[in-house]
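Okay, so here's the structure we're looking at.
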Amino acid sequence: MAVSVPEWVKHAVFYQIFPDRFARSARNPLPAGITLKPWGTPPEEQGFQGGDLYGIVEKLDYLRALGITALYLNPVFASASNHRYHTYDYFTVDPLLGGNDALRALLDAAHARGMRVVLDGVFNHASRGFWPFHHVLETGGNSPYVDWFYIHDWPLTPYPPDDKTPINYGAWWGMPALPKLNVANPGMRAYLLEVAEFWVQFGIDGWRLDVAEEITDATFWQEFRHVVKRANPDAYIVGEIWHEAHDWLRGDRFDAVMNYVLSRAALGFFGARTLRTDYKPGGFALYTLRAQEFARTIETMLQSLDWEIVQAQLNLMDSHDTARTLWTVREDRSALKLCTLLQMTMPGAPCIYYGDEIGLSGATDPYCRAAFPWDQPERWDQEILGWHRRAIAMRHAHPVLRTGTVQTLYADHGLFAMLRRSADAAAVVVFNTRLSPAQITLDSLDPAWDGRIYQDVWLGGQAVQRSRALHDLTVPAREALVLVHRE
868 MAVSVPEWVK HAVFYQIFPD RFARSARNPL PAGITLKPWG TPPEEQGFQG GDLYGIVEKL
928 DYLRALGITA LYLNPVFASA SNHRYHTYDY FTVDPLLGGN DALRALLDAA HARGMRVVLD
988 GVFNHASRGF WPFHHVLETG GNSPYVDWFY IHDWPLTPYP PDDKTPINYG AWWGMPALPK
1048 LNVANPGMRA YLLEVAEFWV QFGIDGWRLD VAEEITDATF WQEFRHVVKR ANPDAYIVGE
1108 IWHEAHDWLR GDRFDAVMNY VLSRAALGFF GARTLRTDYK PGGFALYTLR AQEFARTIET
1168 MLQSLDWEIV QAQLNLMDSH DTARTLWTVR EDRSALKLCT LLQMTMPGAP CIYYGDEIGL
1228 SGATDPYCRA AFPWDQPERW DQEILGWHRR AIAMRHAHPV LRTGTVQTLY ADHGLFAMLR
1288 RSADAAAVVV FNTRLSPAQI TLDSLDPAWD GRIYQDVWLG GQAVQRSRAL HDLTVPAREA
1348 LVLVHRE
């Protein structure tokens, strides 16, 4: 079948927001007596720090100045957890976030700035407070919703007294707080598809799908795609899958997946000197990679998928489910910067996890979910922020970096060079992971390009004229060259 993805995604730069920890607004009319944790409380204390959707609205101009054109929000629906993966009402935005009115305000404000908004859909499991599960808890086998879940025995044990008492219903990773949803049941299936369609009609621009491969029924995701694309053919559907996902990306289910394959490769290559190889994000070990190994990983990743899908992959380096990049590379700022520059020069939509652009660090959940320090500008790493702004602006300025084809030109001795090429432009990108400057000559370019001028659009250096080869290019230590030629 023909594969088609939303055109806007190919050109988007995403910013992932964990709503409770991004920004708190005085516009959110919380009931009297609500007690929130002080902003900036250490994240390991859990609890709610009061970030809300109005707070995001108030920071949209900051995000636009950064170059962000799309937002991916962790769950926003009513829930009894700060991360909101314990949904109890799929048709209501959590009142602590401002309710449905706040989402309406965010969508209107974002769309007015040309930004898209993608929500997190948790359709594999819900919470013990989810109204049909609560109905089963109250009425047992007499509940008409009993087959919406996987009930094994009675009475249910939603609050086991100790770790040795097993629960007797299906739950995500055996957690009693997260009953698994039976999408094969016609009632549950119809309910979830109604949710998917409702919020797209409300105005969201797509869905990120939590633990997507744990719903193994392909027909559910095919129906999901049909419903979502019927409501908005331009809606983006991206699944959370941590490994190669060829079977999921054939055009009948998802537009893309979260590209953890790319992030692990980037960390292994750019962070090789400082990488925490004992850390396993998502259960996948991190390995240091030499240039040739990195190149092979990238080539395999690109060649295994339809080119349309490649251009829609969500290219992240970290997320709410992983340690932050800086922590993973033991605070090696140059590794973070090179990872970011790779995101901005590869096909697929780069995604920045909130706060990475100012140098936030932290181990895995909950430490990666700290509050954004708006009131502590002294904590902002201005050099890293400036790097992000420049790299994003460069991507926006040169379409070839977004949709041009990819060819490896050189991979050895700590250097990786690639050619991005479109019908009317070419870009040569050279990364140097060494601790000293390096020289490289690239002689595998198209011979028809003899005499063409390449402009250094990253370091601001002189124009480079090609005569059969790009001779003796000097790449500073832990830096990159991005040379662009337009027909």
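The sequence shown begins at 868 in our numbering and counts up one residue at a time. Every residue, glycine too, gets a C-beta built ideally from N, C-alpha and C.
In the DSSP assignment, the residues bridged to proline 1217 are Asn1182. DSSP, reduced to helix, strand and coil, places alanine 899 outside both helices and strands of the structure shown, so it counts as coil. Taken through DSSP and simplified to helix, strand or coil, leucine 1286 comes out as strand.
Under DSSP, methionine 1055 shares a beta bridge with no residue. The beta carbon of arginine 1197 sits closer than 6 Å to those of Thr1141, all from its chain and outside the five residues before and after it, given in chain order. DSSP lists Leu1282, Glu1346 as the bridge partner or partners of asparagine 1299. Around the CB of glycine 1041, fewer than 16 other CB atoms lie within 10 Å, so the residue is classed as exposed.
The region 976-985 and the region 1017-1034 do not touch, with fewer than three beta-carbon pairs separated by less than 8 Å.
Here glycine 988 is near tryptophan 1074, since their CB atoms are less than 8 Å apart. The beta carbons of cysteine 1218 and glutamine 883 sit about 6 Å from each other, so the pair counts as a contact at 8 Å. Sixteen is the threshold: since fewer than 16 other Cβ atoms of the shown chains lie within 10 Å of the Cβ of aspartate 1279, the residue is exposed. DSSP places isoleucine 1176 in the uninterrupted alpha helix (DSSP H) bounded by 1174-1177.
Threonine 1155 and tryptophan 1247 have their C-alpha atoms some 29 Å from each other.
Rounded to the nearest whole angstrom, the CA to CA distance from glycine 1328 to valine 1349 is 10 Å. Excluding five sequence positions before and after asparagine 991, the CB atoms of its chain that fall closer than 6 Å to its own CB belong to Val1078, Glu1081, Ile1082, given in chain order. Shown here for glycine 1229: same chain residues with a beta carbon closer than 7 Å to its own, the five before and five after excluded, namely Ala1190, Arg1191, Trp1194, Cys1235, Ala1237 in chain order. CA-CA distance, glutamine 1159 to threonine 1272, rounds to 19 Å. Under DSSP, tyrosine 939 forms a beta bridge with Gln883, Val985. Taking a 10 Å sphere around the C-beta of lysine 1204, we find 16 or more other C-beta atoms and assign the residue as buried. If you ignore the 5 residues before and after arginine 1345, its C-beta comes within less than 6 Å of the C-beta of Ser1201, all in its own chain and listed in chain order.
The continuous stretches of alpha helix (DSSP H) do not include glutamine 1322, which lies in the beta strand (DSSP E) extending over residues 1320-1323. Annotation for leucine 1004: Leu1023, Pro1025 place their beta carbon closer than 7 Å to its own, counting only its chain and skipping 5 residues before and after. In the displayed model, lysine 1047 falls within a strand according to three-state DSSP.
Inclusion of methionine 1168 and valine 1128 in the CB contact set at 8 Å is warranted, their separation being smaller than that value.
Considering only Pro896, Gly1106, Trp1241, the residue with the shortest C-alpha distance to isoleucine 1176 is Gly1106.
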